[in-house]
Structure formats: structure tokens, C-alpha cells
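Enquirer: Sharing a structure, written as C-alpha cells. Questions coming.
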Amino acid sequence: MIVRLTYRSGPYRVKGYVGLPPGCGAPPEALQSLAAARGGLPAAELPVDVVAEAVRVSYRPHTMLRPASSEAASAVPPRATSPRPDGAPYPYPALVLCRGGVGGFGRVRPHWVDDFAARGFVVFAPCYRGNEGGEGRDEFGGADREDVAEAIALLRTFPFVDRDRVSVAGFSRGSINAARAAVDAPDAVRRLVLWSGVADLARTYEERVDLRRTLKRILGGTPAKRPEAYRERSPLALAPRLRCPTLVVHGAKDPQVDVGHGLAMYEALRALGAPVDLHLYEGFAHLFPYAAHQAAVDRMAAWLLE
């Protein structure tokens with residue numbers, strides 16, 4: 001099941017998509033009650049909408065919660081979608097999926113939520129404030145990063161989630177929010193994925209002429225005028241503060257976020273002696289063709305479960 005959930009983030013009521021894996025069975029009203037309890041608001045003020053009644057069953061059963069390492073396998077039930085003897089579900093690993101783009105451009109892709117839910121993850125994809133009926137304003141990794149932090153905190157209250165196996169992934173601009181979340185909540189984020197991610201926002205300003213007006217409007221000026229605003233939104237600047245293992249995923253022919261961003265992040269973390277892996281896809285652009293995307297998700301899911 002995939003729902004669009006309203007939850008509280010600071011003074012705002014914001015939106016996010018929640019995807020539940022096959023066999024989870026938590027009703028939308030239960031998610032609404034959990035959001036209300038966390039946010040201190042009546043459930044009626046936090047509406048929930050069903051987007052899809054069910055996610056597809058993974059077309060590759062071996063990817064369903066089957067960790068790549070034997071050490072990880074010992075910590076995960078063989079079939080986490082099976083009920084325990086007392087009838088309750090096993091706790092699922094979880095993934096906070098940070099969307100790319102800004103405003104209505106690059107909104108949450110429900111089929112990406114489905115991709116990871118079908119592989120056995122509870123998925124939470126924040127829309128960021130000001131989007132899809134949420135209150136507030138999207139600040140491109142500014143105050144809206146609180147929406148991701150709150151999504152992590154809320155997700156860890158779900159009784160069917162393993163609170164020690166919550167990871168964060170960011171796509172494109174979402175890498176800004178994801179990296180910041182990993183820095184700000186090191187005890188809550190197990191692993192970090194940066195997929196086709198911006199590493200240096202000042203570099204993006206120079207490379208993406210089409211984004212300059214938007215960036216100047218949101219950040220209050222150019223990198224020369226507002227260097228700190230760009231620096232605090234650059235995962236590369238956050239690299240020394242990252243504590244969890246990081247996976248960099250990038251297409252070598254990406255015209256929207258040059259592969260140099262991903263390689264720079266990977267090399268920076270390597271130089272720091274931090275745990276980092278690189279999945280580089282030759283010939284692919286910002287978004288991968290369907291078959292390549294599914295293979296990349298398979299590979300990423302296995303890495304998340306290591």
C-alpha cells in the first residue's frame with residue numbers, strides 16, 4: 001500500500017508518501033494516528049489519502065530482504081514479511097527517500113516508493129513543505145530539511161519498523177536533504193545513498209544556467225553574494241561530518257547533475273577514510289532506463305541490507 005500522509009514538521013503540516021511492503025498490513029488510519037501522536041495534533045487535522053491499495057510483489061524474490069553478507073543475514077529473519085508466532089509482523093528495514101527538483105518540478109515519484117516497498121522496505125518520501133498541499137515554503141535544502149528529520153523520527157515510531165535499520169537516500173537535489181539528515185541525526189541514520197546527487201551547489205549554479213534564477217530567488221543571491229547559503233546546502237562540505245556508510249550512485253553521462261559531483265563526493269569521503277562505495281553506470285544519464293533502474297535498485301537494496 002502507498003498513502004500520502006500529512007504530518008507535522010515544525011509549525012507546518014506537510015505531506016509525504018509512505019509505502020508499505022507486501023504483508024505489512026498496517027491500515028491508513030494507524031499511520032494517521034501515529035502521525036497525530038508524534039505531532040501533537042488531532043488526527044482529523046492530518047488527512048491521509050490512499051494512492052495505491054497494494055505495491056507489486058518483487059519480481060525477484062531473492063531481493064526481498066535477503067542481505068548480501070552472511071553477518072547481515074544472521075540479523076534478519078529469512079522472510080521478514082512472514083508473521084511471528086504471536087501474529088505480529090517482523091520489524092522491517094526502512095528508507096527515507098528524498099525527492100529531487102524544487103516545487104512542482106521533480107515531485108515524489110510513487111513508482112520509486114513502490115520499487116523499494118516491493119523489496120521489503122517501509123518507505124517514507126517527504127514532499128517537502130509547500131508542495132502537494134503542504135504548508136510552508138520549499139527552501140531547496142534550507143529549513144525544509146526539518147521535514148526529512150521529522151520523517152525519520154516519525155518512521156522510527158512505527159511499531160513494525162526496525163528503528164536500528166533506517167537509512168536515507170537522496171536523488172538529485174534530494175542528496176542535499178539526505179546528507180544533512182545523516183549529519184544531523186547520526187544515531188538514527190544507518191546508511192546514506194546519494195543517487196545522481198548534487199555535491200556542490202555552487203558548481204550546480206555554474207553548470208545549470210537554467211537554474212540560476214531559481215537558486216538566486218530561493219537562496220537570496222549568487223554563490224559570490226551568499227557563499228554560506230550554498231555551502232550549507234552542499235554535501236561535499238558536509239563530508240567530514242558524515243559517520244554512516246555512504247553509497248554514491250551516478251550515471252556517467254548525466255547532463256543534469258554532472259558525474260563530477262558524484263566522483264568528487266566519493267573521493268572526498270575516501271580521502272577522509274570514511275566508509276564509501278561507488279556504483280558508477282557508464283552510458284546512463286540522470287534517470288536510467290527501466291531495466292537498468294530496476295537493476296540499480298536491486299543492487300542498492302542489497303547494499304542497504306549489508
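Note that our numbering has the sequence shown beginning at 1, numbered continuously upward.
Every residue gets a Cβ at the ideal spot worked out from N, C-alpha and C, and that includes glycine.
None of the values given here were measured: they were computed from a predicted structure.
#1: Less than 7 Å between the C-beta atoms of Ile-176 and Arg-233, yes or no?
#2: Report the rounded CA-to-CA distance for Ala-117 versus Pro-22, giving the unit in angstroms.
#3: To the nearest angstrom, how far is it from the Cα of Gly-251 to the Cα of Ser-196?
#4: Note down, one range per segment and in chain order, each alpha helix (DSSP H) of at least 4 residues found wholly within the stretch 255 to 285.
#5: Going along the chain, which residues of its own chain have a beta-carbon closer than 7 Å to the beta-carbon of Phe-288, five neighbours each way excluded?
#6: How is the beta strand (DSSP E) around Ala-125 delimited, first residue to last?
#7: List, from N- to C-terminal side, the alpha helix (DSSP H) runs of 4 residues or more that fit wholly inside the stretch 207 to 244.
#8: Closest to Leu-31 by C-alpha separation, out of Thr-222, Val-122, Gly-221, would be which residue?
#9: Identify the continuous beta strand (DSSP E) that holds Gly-322 and give its terminal residues.
#10: Spatial neighbours of Pro-91 within its chain, please: CB distance less than 7 Å, with the 5 preceding and 5 following residues excluded, ordered by chain position.
#11: Which residues does DSSP pair with Phe-105 in a beta bridge?
#12: If you count every other CB in all the chains shown that lies within 10 Å of the CB of Glu-45, and 16 or more means buried, which is it?
#13: So, for Asp-258: in the same chain, excluding its five sequence neighbours on each side, which residues have a beta-carbon less than 7 Å away from its beta-carbon?
#14: Could you give the distance in angstroms between the alpha-carbon of Leu-272 and the alpha-carbon of Ala-153?
#15: Roughly how many whole angstroms lie between the Cα atoms of Ala-80 and Gly-39?
#16: Go through the stretch 6 to 44 residue by residue and report every complete run of the beta strand (DSSP E) that reaches 3 residues or more, in order.
#17: Among Ser-9, Pro-255, Val-96, which one has its Cα closest to the Cα of Leu-20?
Expert: In short, the structure shows the following:
#1: yes
#2: 8 Å
#3: 7 Å
#4: 259 to 271
#5: Take Phe-288, set aside five residues on each side of it, and the residues of its chain with a beta-carbon closer than 7 Å to its own are Gly-251, Tyr-281, Ala-296, in chain order.
#6: 122 to 126
#7: Segments of the alpha helix (DSSP H) lying fully in the stretch 207 to 244: 212 to 219, 227 to 231, 235 to 238.
#8: Among Thr-222, Val-122, Gly-221, the Cα nearest to that of Leu-31 is on Val-122.
#9: The structure shown does not extend to residue 322, since the chain is modelled only from 1 through 306, so no value can be given for it.
#10: Same-chain partners within the cutoff: Phe-160, Val-161, Asp-162.
#11: Phe-105 is bridged by DSSP to Val-102.
#12: exposed
#13: Glu-207
#14: 28 Å
#15: Low confidence applies here, because Ala-80 scores a pLDDT of 38, under 50, leaving its location unreliable; read the following figure in that light. About 29 Å.
#16: 12 to 19
#17: Val-96
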